[in-house]
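See below for the structure under consideration.
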Amino acid sequence: MTEPHHITTPQGRRIAYHVTPGRPDQDGGPCVVFLGGFKSDMSGTKAVYLQDWAKAAGRAFLRLDYSGHGVSSGDFLDGAIGDWFEDARAVIEAATTGPLVLVGSSMGGWISLLLARAMPQRIAGLVGIAAAPDFTEDSMWADFTDAQRAEIIDKGQIALPSDYADSPYIITRRLIEEGRTQLVLRTPLNLPFPTRLLQGTADIDVPPAVALRLLNHANGPDIRLTLVKAADHRFSTPACLALITDAITDVLKGSA
1 MTEPHHITTP QGRRIAYHVT PGRPDQDGGP CVVFLGGFKS DMSGTKAVYL QDWAKAAGRA
61 FLRLDYSGHG VSSGDFLDGA IGDWFEDARA VIEAATTGPL VLVGSSMGGW ISLLLARAMP
121 QRIAGLVGIA AAPDFTEDSM WADFTDAQRA EIIDKGQIAL PSDYADSPYI ITRRLIEEGR
181 TQLVLRTPLN LPFPTRLLQG TADIDVPPAV ALRLLNHANG PDIRLTLVKA ADHRFSTPAC
241 LALITDAITD VLKGSA
């Protein structure tokens with residue numbers, strides 16, 4: 001495994017990333033950018049699978065670790081959605097040129113929508129995998145009990161059980177409050193490029209209702225949602241991985 005590249009963002013965070021150049025015969029076609037989920041990293045199954053797929057296809061590809069994730073600098077507990085959006089944007093601007101196809105998994109789906117809003121001139125397409133826009137408000141805060149809300153306000157954080165790690169997730173007050181400045185489902189959301197949303201029906205972390213809300217809220221000429229029966233939040237079985245690359249290929253054809 002090659003060592004990652006690093007950049008230092010304008011905010012002083014040192015962010016690690018891997019970039020795979022495309023073959024010259026791709027003629028400068030869109031770079032595929034993978035944006036991972038909450039507390040995940042760029043060595044995960046989907047990120048590595050997509051890099052291998054892109055390399056075999058001669059397609060430029062970028063994956064990265066947000067601050068406090070993977071091998072990037074910082075403490076996870078210090079971070080928030082806006083920070084991770086800034087990290088992704090800084091790497092994209094430093095490591096790529098030309099059009100992009102954003103592939104966002106879970107929280108990465110939210111970040112991909114923020115990027116699409118911030119730099120629409122560069123986005124050629126988007127693929128969301130169990131995309132979780134506004135989850136700090138609509139999933140976390142909305143589901144907290146009064147006691148949990150009081151605890152996070154008074155103590156600055158709360159511990160929640162995790163299905164993906166032995167230790168609980170620590171959710172900070174800053175994550176919730178800063179997330180309110182990054183919401184994308186309260187104002188018009190224009191996606192004027194091919195957009196594919198993939199969603200498992202057995203996903204208990206980001207249920208299908210979230211995908212349906214995003215589908216109904218977004219405006220665009222070519223937005224499609226695929227529901228996959230019995231697929232869970234990881235969306236990492238061989239069949240699910242094949243669906244992701246199929247969706248990317250479809251988006252690339254539509255952006256040509």
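Residue 113 in UniProt numbering sits at position 113 of the sequence shown, and the numbers go up by one each step. Quick reminder that beta carbons are idealized off the backbone N, C-alpha and C, glycines included.
Bridge partner(s) assigned by DSSP for residue i
i           : result
residue 128 : 104, 197
residue 14  : 8
residue 227 : 199
residue 34  : 63, 103
Neighbour-count burial assignment, residue i, 16 or more Cβ in a 10 Å radius
i           : result
residue 162 : exposed
residue 98  : exposed
residue 204 : exposed
residue 242 : exposed
residue 78  : exposed
residue 155 : exposed
residue 136 : buried
Residues near residue i by beta carbon distance below 8 Å, same chain, minus five either side
i           : result
residue 56  : none
residue 95  : 5, 7, 17, 19, 62
residue 15  : 6, 7, 8, 9, 64, 65, 66, 67, 72, 73, 87, 90, 91
residue 149 : 141
Collapsed DSSP secondary structure at residue i in the structure displayed
i           : result
residue 184 : coil
residue 158 : strand
residue 259 : Any question about residue 259 goes unanswered here, given that the chain covers just 1 to 256.
residue 218 : strand
residue 117 : helix
residue 96  : coil
residue 252 : helix
residue 61  : strand
Inter-residue CB distance, residue i and residue j (contact presumed, cutoff 8 Å)
i           : j          : result
residue 130 : residue 82 : With a Cβ gap of about 21 Å, residue 130 and residue 82 do not count as contacting.
Proximal residues to residue i (C-beta, below 7 Å), its chain only, five neighbours per side dropped
i           : result
residue 254 : 125, 194, 222
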